[in-house]
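Working notes, beginning with the structure itself.
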Amino acid sequence: MKKKALITGITGQDGSYLTEHLLELGYEVHGLVRRVALEDPHRRFTRIGHLLDKVTLHPASLESYPSIFHVVSQHEFNECYHLAAQSFVAESFRDGFSTMNTNINGTHYMLAALRELQPKCRFYFAGSSEMFGKVRETPQKETTPFHPRSPYGISKVAGFDLTRNYREAYDMFCVSGILFNHEGPRRGFEFVTRKITSAVARIKLGLANELRLGNLEAKRDWGHAQDYVRAMHLMLQQETANDYVVATGETHTVREFCELAFGEAGLDYNQFVRIDDRYLRPAEVDLLVGDSSKARRELGWQPKYNFPQLVREMVQSDLAAQRQQSSASSNR
Ligand code: G4F
Numbered sequence: 019m020k021k022k023a024l025i026t027g028i029t030g031q032d033g034s035y036l037t038e039h040l041l042e043l044g045y046e047v048h049g050l051v052r053r054v055a056l057e058d059p060h061r062r063f064t065r066i067g068h069l070l071d072k073v074t075l076h077p078a079s080l081e082s083y084p085s086i087f088h089v090v091s092q093h094e095f096n097e098c099y100h101l102a103a104q105s106f107v108a109e110s111f112r113d114g115f116s117t118m119n120t121n122i123n124g125t126h127y128m129l130a131a132l133r134e135l136q137p138k139c140r141f142y143f144a145g146s147s148e149m150f151g152k153v154r155e156t157p158q159k160e161t162t163p164f165h166p167r168s169p170y171g172i173s174k175v176a177g178f179d180l181t182r183n184y185r186e187a188y189d190m191f192c193v194s195g196i197l198f199n200h201e202g203p204r205r206g207f208e209f210v211t212r213k214i215t216s217a218v219a220r221i222k223l224g225l226a227n228e229l230r231l232g233n234l235e236a237k238r239d240w241g242h243a244q245d246y247v248r249a250m251h252l253m254l255q256q257e258t259a260n261d262y263v264v265a266t267g268e269t270h271t272v273r274e275f276c277e278l279a280f281g282e283a284g285l286d287y288n289q290f291v292r293i294d295d296r297y298l299r300p301a302e303v304d305l306l307v308g309d310s311s312k313a314r315r316e317l318g319w320q321p322k323y324n325f326p327q328l329v330r331e332m333v334q335s336d337l338a339a340q341r342q343q344s345s346a347s348s349n350r
């Protein structure tokens with residue numbers, strides 16, 4: 019019997035990599051998507067366009083319990099990966115209310131529907147290193163106290179607590195992955211890594227001459243999303259439900275990312291990067307670096323990509339895409 023997985027956020031970076039991984043493992047994959055996305059597949063399904071004939075998509079909204087209840091009542095799922103969220107930290111400062119509504123209620127609705135209809139379905143919650151915020155110790159691990167610094171971080175702490183509460187109160191197999199930043203060529207353009215690598219490509223091809231950024235000294239533990247989705251799956255294959263930190267254990271500044279990314283294209287970042295106060299945050303998370311020894315020991319997980327490989331792949335992919343776009347428009 020094929021295992022059935024339900025993924026919320028299937029159209030995102032992690033959702034698309036996780037879908038590929040589960041399909042390779044022989045799963046039947048279902049995804050929860052907004053109805054507007056189904057009506058605009060060319061624009062909304064760019065990351066899963068190549069998978070559309072291999073997955074089943076269901077319209078539902080994280081803001082509507084009945085729509086989630088309906089999907090969960092239609093199929094018997096073995097595993098549910100709840101990845102969907104308003105995940106851009108800067109946006110959560112602009113509209114904390116909708117971030118909280120979507121992220122907290124959405125998680126609660128998923129858990130409540132599963133408890134009601136399929137309490138045996140294993141549940142994965144996409145926790146975040148943003149929960150550590152103003153870090154109390156370095157590196158951060160599963161026992162490090164949370165001190166979130168943004169509405170987004172607060173919403174993820176609430177989701178983490180909800181997940182643990184369903185595990186403890188209803189004896190459900192519910193786990194949280196505390197994932198540090200994870201990137202790749204499918205990363206959204208609003209996040210700093212992709213903002214940098216896409217700008218490098220435009221600058222290299224003479225289509226732009228500067229890149230405006232905020233805090234260059236912020237430090238992040240950046241891994242590759244393809245590595246991190248393997249950890250999500252492994253967490254749901256364990257005998258007992260447990261939470262895990264997933265991280266590389268290395269930290270780099272945004273400045274270092276710039277240096278490497280521009281260098282990959284033979285450019286000097288000093289000539290192009292400008293500081294713009296608009297990209298500074300009201301409260302910053304200065305330093306993140308994770309200790310994933312529990313995941314490595316218990317899940318047997320380890321990343322395949324290192325930092326320079328991640329940066330290289332992102333820059334090369336953006337250069338190729340930009341070249342293709344430029345030649346397509348010059349042929350028109
Ligand atoms: O790429 P970012 O926007 O990611 P951030 O805030 O660390 O959050 C990401 O990782 C979390 C896991 O730890 C996820 F939970 C979350 O959903 C998201 O995926 O910013 C990284 C750093 C920040 O310190 C930011 O202040 O880069 C700094 N930065 C400097 N200039 C900038 C910019 N970030 C953005 N997005 N844009 C800038 O111009």
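For the sequence shown, the numbering used here assigns the number 19 to the initial residue and increments by one for each residue that follows.
Heads up, the beta-carbon is just placed ideally off N, CA and C, and yes, glycines get one too.
As assigned by DSSP and simplified to three states, the class of His88 = Position 70 of the sequence shown, counted from the start, is the residue given in the question as residue 88. The answer is helix: DSSP assigns His88 an H, G or I state.
Following the continuous alpha helix (DSSP H) through Arg330, name the residue where it begins and the one where it ends.
-> If you number the sequence shown from 1, residue 330 lands on position 312. Counting along the chain, Arg330 sits inside the alpha helix (DSSP H) bounded by residues Phe325 to Asn349.
Collapsed DSSP secondary structure at Tyr45 in the structure displayed = Locating residue 45 in the sequence shown gives position 27, where the first residue counts as 1. In the structure shown, Tyr45 sits in coil (DSSP, three-state: anything other than H, G, I, E or B).
Note down, in chain order, each residue of its chain lying with its Cβ closer than 8 Å to the Cβ of Thr162, except the 5 sequence neighbours on either side.
-> As a working mapping, residue 162 is identified with position 144 in the sequence shown. Only Phe150, Val153, Arg154 and Glu155 meet the Cβ criterion.
Nearest-angstrom Cα distance between Phe141 and Arg62?
-> Within the sequence shown, the letter at position 123 stands for residue 141. Within the sequence shown, the letter at position 44 stands for residue 62. In a straight line, the C-alpha of Phe141 is about 25 Å away from that of Arg62.
Residue of Tyr35, Gly171 and Met19 minimising C-alpha distance to Gln244 = Position 226 of the sequence shown, counted from the start, is the residue given in the question as residue 244. The shortest C-alpha separation from Gln244 is found at Tyr35.
Does the beta carbon of Ala236 fall short of 6 Å from some heavy atom of ligand 1?
-> Residue 236 sits at position 218 when you count from the first residue of the sequence shown. Checking every heavy atom of ligand 1 against the Cβ of Ala236, one is found closer than 6 Å.
Kindly indicate which three-state DSSP category Ser173 falls into: helix, strand or coil?
-> The count along the sequence shown starts at 1 and reaches residue 173 at position 155. Three-state result, Ser173: helix.
Could you pull the start and end residues of the beta strand (DSSP E) that Ile196 belongs to?
-> Within the sequence shown, the letter at position 178 stands for residue 196. Segment Cys192 to Leu197, the beta strand (DSSP E) holding Ile196.
Report whether the distance from the Cβ of Leu252 to the nearest heavy atom of ligand 1 is below 6 Å.
-> Residue mapping note: residue 252 aligns to position 234 of the sequence shown, counting from 1. No, ligand 1 has no heavy atom inside 6 Å of this Cβ.
Is Glu257 helix, strand or coil by DSSP?
-> If you number the sequence shown from 1, residue 257 lands on position 239. Glu257: coil per DSSP, three-state reduction.
Residue from Asp58, Ile28 and Gly67 whose Cα sits closest to the Cα of His48 = Along the sequence shown, read from residue 1 onward, the residue named residue 48 stands at position 30. That would be Ile28, whose Cα lies nearest to the Cα of His48.
So, are the CB atoms of Ser194 and Asp239 less than 7 Å apart?
-> Start at 1 with the first residue of the sequence shown, and residue 194 comes out as number 176. Start at 1 with the first residue of the sequence shown, and residue 239 comes out as number 221. Result no, Cβ atoms of Ser194 and Asp239 do not sit closer than 7 Å.
Cut-off 8 Å between Cβ atoms - residues of its own chain near Leu298, not counting five sequence neighbours on either side | Within the sequence shown, the letter at position 280 stands for residue 298. Answer for Leu298: Gly232 and Asn233, listed in chain order.
Pull up the distance between the alpha-carbon of Glu81 and that of Leu229, whole angstroms please.
-> Along the sequence shown, one-based indexing puts residue 81 at 63. Along the sequence shown, one-based indexing puts residue 229 at 211. Going from the Cα of Glu81 to the Cα of Leu229 covers about 36 Å.
Does the beta-carbon of Gly33 have 16 or more other beta-carbons within 10 angstroms, so that it is buried, or is it exposed?
-> To locate residue 33, count along the sequence shown from 1; it is residue 15. The residue in question, Gly33, is buried, as its Cβ has 16 or more Cβ neighbours within 10 Å.
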